[in-house]
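Contents: one structure, followed by commentary.
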Amino acid sequence: MTDDNAAPSGERPPAVASTWSPGGSLPQILDDIRQRMGSGTATVLLIDSTRVRLEAAATVGLERTTRAARSIPIGAGFAGRVAQTRQPVIIDEVTSANVLNSVLIKHGVRSLLGVPITVGSELLGVLHVGKFQPNGFDDDDALRLTELANELGVVLQRRFIDDSHIAALTLQRSLLPAAFRVPPGIEIAARYVPAEGDLGGDWYDAFQLPDGRLALVIGDVVGHGLESAIIMGRLRSALRSYALEHHDPADVLRHLDQKICHFEPGQFATVLLGFARAPYTQWTFSSAGHFPPIVATPERLPAPAELPVDPLLGVAPSTPRTSTTVAVPTGGLLCLYTDGLVERRPGANDDGHDLVAENIESLCKALDEPDDPESACIRALADVVGEHVAEDDIAVLVARLDVVRPDVDGDE
Amino acid sequence: MTTFQAGQAEGANGEPVMVVSGDLDLASAEGFVESATAAAADVSVLHLDLGDVTFMDSTGLGALIKVRNLMIERGGSVALVNISSAVERVLELTGMSDVFHAG
Numbered sequence: 223m224t225d226d227n228a229a230p231s232g233e234r235p236p237a238v239a240s241t242w243s244p245g246g247s248l249p250q251i252l253d254d255i256r257q258r259m260g261s262g263t264a265t266v267l268l269i270d271s272t273r274v275r276l277e278a279a280a281t282v283g284l285e286r287t288t289r290a291a292r293s294i295p296i297g298a299g300f301a302g303r304v305a306q307t308r309q310p311v312i313i314d315e316v317t318s319a320n321v322l323n324s325v326l327i328k329h330g331v332r333s334l335l336g337v338p339i340t341v342g343s344e345l346l347g348v349l350h351v352g353k354f355q356p357n358g359f360d361d362d363d364a365l366r367l368t369e370l371a372n373e374l375g376v377v378l379q380r381r382f383i384d385d386s387h388i389a390a391l392t393l394q395r396s397l398l399p400a401a402f403r404v405p406p407g408i409e410i411a412a413r414y415v416p417a418e419g420d421l422g423g424d425w426y427d428a429f430q431l432p433d434g435r436l437a438l439v440i441g442d443v444v445g446h447g448l449e450s451a452i453i454m455g456r457l458r459s460a461l462r463s464y465a466l467e468h469h470d471p472a473d474v475l476r477h478l479d480q481k482i483c484h485f486e487p488g489q490f491a492t493v494l495l496g497f498a499r500a501p502y503t504q505w506t507f508s509s510a511g512h513f514p515p516i517v518a519t520p521e522r523l524p525a526p527a528e529l530p531v532d533p534l535l536g537v538a539p540s541t542p543r544t545s546t547t548v549a550v551p552t553g554g555l556l557c558l559y560t561d562g563l564v565e566r567r568p569g570a571n572d573d574g575h576d577l578v579a580e581n582i583e584s585l586c587k588a589l590d591e592p593d594d595p596e597s598a599c600i601r602a603l604a605d606v607v608g609e610h611v612a613e614d615d616i617a618v619l620v621a622r623l624d625v626v627r628p629d630v631d632g633d634e
Numbered sequence: 003m004t005t006f007q008a009g010q011a012e013g014a015n016g017e018p019v020m021v022v023s024g025d026l027d028l029a030s031a032e033g034f035v036e037s038a039t040a041a042a043a044d045v046s047v048l049h050l051d052l053g054d055v056t057f058m059d060s061t062g063l064g065a066l067i068k069v070r071n072l073m074i075e076r077g078g079s080v081a082l083v084n085i086s087s088a089v090e091r092v093l094e095l096t097g098m099s100d101v102f103h104a105g
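Protein chains in written order, with our numbering: chain W, 223 to 634; chain D, 3 to 105.
Here's what the structure looks like:
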């Protein structure tokens, strides 16, 4: 019997006697790496389907990192630099200038060593370890971690091939843009965090239309698993089509509702859709069973917009729908999110607490910082979700309006 | 986490009421639809007491809407005779309060 799957000779993966059992979980492997390196933390980031961003896949010693630093552009920050140069990077003293992930800093990580995970010529991701003291790593450590990263690469490559869950995640990720093409005057960032052990039907979208309108979308298909992800993909593209034809978000959602009721009976989804034209200070939103957006202005505390909520999609095709104008001043911010961010199953000691209201409040607080949308997303996830297990998947999108400089001179 | 349970009781006018308690979520949604479909077999209005539902997620809501749509297809309806604050909040957040209270 011939081995059809063997790589052409010369490109065969290095025959490393694997240190880890094939079924070992990523956190178990990382824990082993942490012990071998004598470090406090160990983290793996994997390259995503767009090939331009890294996503935190697992971490030990730093429980909040996985969620807080979901996605880093290659080239930016510490891990991004490792991926770009494909060389070990040692940071003797961690500062906000050389590390993007504020959670690392918050947890007291003082020095870092990162190496690329490659198999043959293919970059799979980045492995990094951290210590709570400065000057924690030298060149010998870099060599040792590189060897471990090579072994990890072989394990991960096998897993990529085998794991249908990763395949399903890839489907979902391929539908969720990691970077947006947006017009000048507005910046947008978003994150998707799959539920622990399962994926769901959350999505976000941001796109410009030929007539100049900008659309912001967030939605949640009820249910879990591959089926929800597939329905999500259909709704996402149907919504884009209806947005080409209809200027009122309520009309778009009415058509989308008819589409679900007719073609996807038994499926339900919540959607929030907003349109605006430059300079993007006047938004028209329509909500189908979805949380209203949070609006932050430079002058007052962020708060949910006053927005009537119409029934979710899939209940009845004739459901009446409304649109509402939401004003966002220049320098202000809009945050769209799915219920996974704020919903919590009540614990034994939570009697009487409105956990959702409390979480929305802490989300508002997290958004009350005048920084870029990427950081706002990271802080929203770190502060609101924190170390809580993600039982439901989470999508969050943040748009910030640039402070427009007057286009006349003498603007002092 | 509170275990999901479904049982039968008698309403103020002698009508059968399906009493649901615990978490109505991904784990219990299918069981809920089955129980409700069985309870709805002989009635045109399915009375549901959700007063002791401790938590309802979107899958639980989907199950509730499925049961409602099933009844409407048959020319019947669902009447919520009692709802917990957990259920009320989800219905409000998803714009479903009127849909169920009118039904």
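C-beta: ideal position from N, C-alpha, C; glycine also.
W/Gly-347 is classed as buried because its beta carbon has at least 16 other beta carbons within 10 Å across all chains shown.
Excluding the 5 residues flanking it on each side, W/Thr-241 has same chain C-beta neighbours closer than 6 Å at Glu-373, in chain order.
Within chain W, the residues whose beta carbon sits less than 8 Å from that of D/Met-98 are Gly-511, Pro-533, Leu-534, Val-537, listed in sequence order. Cβ neighbours of W/Pro-568 within its own chain (closer than 8 Å, five residues either side excluded): His-575, Leu-577. Residue pairing by DSSP puts D/Pro-18 in a beta bridge opposite D/Glu-12. In summary, the residues of the region 40-68 of chain D whose CB is separated from some CB of chain W by less than 8 Å are Thr-56, Phe-57, Asp-59, Ser-60, Thr-61, Leu-63, Gly-64, Ile-67, Lys-68, in the order they occur in the chain. Inside the region 67-95 of chain D, DSSP marks whole alpha helix (DSSP H) runs of 4 or more residues at positions 87-95, from first to last along the chain. Residue environment analysis places W/Ser-509 among the buried positions, since at least 16 neighbouring C-beta atoms fall within 10 angstroms of its C-beta. Ranked by Cα distance from W/Tyr-464, the first of W/Gly-455, W/Arg-476, W/Ile-453 is W/Arg-476.
Take W/Ser-545, set aside five residues on each side of it, and the residues of its chain with a beta-carbon closer than 8 Å to its own are Asp-470, Pro-471, Ala-472, Thr-506, Phe-507, Ser-508, in chain order.
Taking a contact as a CB-CB distance under 8 Å, the pair D/Gly-64 and W/Val-444 counts as one, their CB atoms being some 4 Å apart. Secondary-structure assignment with DSSP links W/Glu-344 through a beta bridge to W/Val-341. In the DSSP assignment, the residues bridged to D/Phe-57 are D/Asp-25. At least one C-beta of chain W is nearer than 9 Å to the C-beta of D/Ala-88.
A Cβ of chain D is located within less than 9 Å of the beta carbon of W/Thr-492.
Listed along the chain, the chain W residues whose CB falls inside 9 Å of the CB of D/Val-80 amount to none; the nearest CB is some 12 Å away. Judged by beta-carbon spacing, W/His-446 lies within the 9 Å limit of D/Thr-61, meaning their Cβ atoms are closer than that value.
In this structure, DSSP gives W/Glu-467 a helical state, which the three-state scheme calls helix. Residue environment for W/His-512: buried (at least 16 other C-beta atoms within 10 angstroms of its C-beta). Taking 8 Å as the upper bound for CB-CB distance, W/Asp-614 and W/Gly-562 are in contact here, some 4 Å apart. In this structure the region 40-53 of chain D does not touch the region 496-504 of chain W; the number of beta carbon pairs closer than 8 Å is below three.
For W/Asp-427, the enclosing beta strand (DSSP E) has its first and last residue at 422-430. Identification of chain W residues near D/Arg-91 by a Cβ-Cβ cut-off of 8 Å yields Asp-576, Val-578, ordered along the chain. Under the three-state reduction of DSSP output, D/His-103 falls in the helix class. Look at W/Ala-491 here: in three-state DSSP terms it is strand. The C-beta of W/Asn-323 has 16 or more other C-beta atoms within 10 Å across all chains shown, which makes the residue buried. Taking 9 Å as the CB threshold, W/Gly-445 lines the interface with chain D.
Considering only beta carbons, the part of the region 542-565 of chain W lying closer than 8 Å to chain D consists of Asp-561, Glu-565, in chain order. W/Val-325: member of the alpha helix (DSSP H) spanning 324-328, first to last residue.
Taking a beta-carbon distance threshold of 9 Å, W/Gly-488 counts as an interface residue toward chain D. Per DSSP, the beta bridge partners of W/Phe-497 are W/Ala-437, W/Thr-506. Between W/Leu-556 and W/Ile-516, the CB-CB gap stays under 9 Å. Among the residues facing chain W, D/Leu-28 is included, as its CB has a counterpart in that chain under 9 Å away.
Closest in alpha carbon position to D/Ala-42, among D/Val-69, D/Val-92, D/His-103, is D/Val-69.
With fewer than 16 other Cβ atoms inside 10 Å of its own Cβ, W/Glu-591 counts as exposed.
If you check the CB distance, W/Ile-616 and W/Val-325 do not come in under 9 Å.
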